[in-house]
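Working notes, beginning with the structure itself.
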């Protein structure tokens, strides 16, 4: 995956998760976790992008499930 595309994907995930954590009824935790996990498995991911994705996983872990 091209580095710029990867950055864009991480950015989109970051925006979506940040919106969803404020609206727990809309969240589908398993879907977002699987999206993040799939990006974390890529060998070309930078350390910065890996840290951003791990932070998103942490945010998803703190959301109360309705």
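In the working numbering, the protein residues as written are 378 to 443. In this text, a Cβ means the ideal position worked out from N, Cα and C, and glycines have one as well. Since this is a predicted model, take the numbers as computed values, not measurements.
Quiz item: When the Cα of residue 379 is compared with those of 419, 408, 428, 389, which residue comes out closest?
Solution: Stepping through the chain shown from its first residue, residue 379 is reached at position 2. Closest in alpha carbon position to residue 379, among 419, 408, 428, 389, is 419.
Practice problem: Kindly indicate which residue of 438, 425, 430 has the alpha-carbon position closest to the one of residue 415. | Solution: The residue labelled residue 415 in the question sits at position 38 within the chain shown. Taking only the C-alpha atoms, the option nearest residue 415 is 430.
Quiz item: Is the beta carbon of residue 434 sitting closer than 8 Å to the one on residue 396?
Solution: By 1-based counting over the chain shown, the position of residue 434 is 57. By 1-based counting over the chain shown, the position of residue 396 is 19. If you check the CB distance, residue 434 and residue 396 do not come in under 8 Å.
Exercise. Rounded to whole angstroms, what's the CA-CA distance from residue 426 to residue 400? Just pull it up for me.
Key: For the purposes of this step, residue 426 is taken as the residue at position 49 of the chain shown. For the purposes of this step, residue 400 is taken as the residue at position 23 of the chain shown. C-alpha separation (whole angstroms): 25 Å.
Quiz item: If you check the beta carbons only, do residue 406 and residue 437 fall under 8 Å apart?
Solution: Within the chain shown, numbered from 1, the residue matching residue 406 stands at position 29. Within the chain shown, numbered from 1, the residue matching residue 437 stands at position 60. Taking 8 Å as the Cβ cut-off, residue 406 and residue 437 qualify as a contacting pair.
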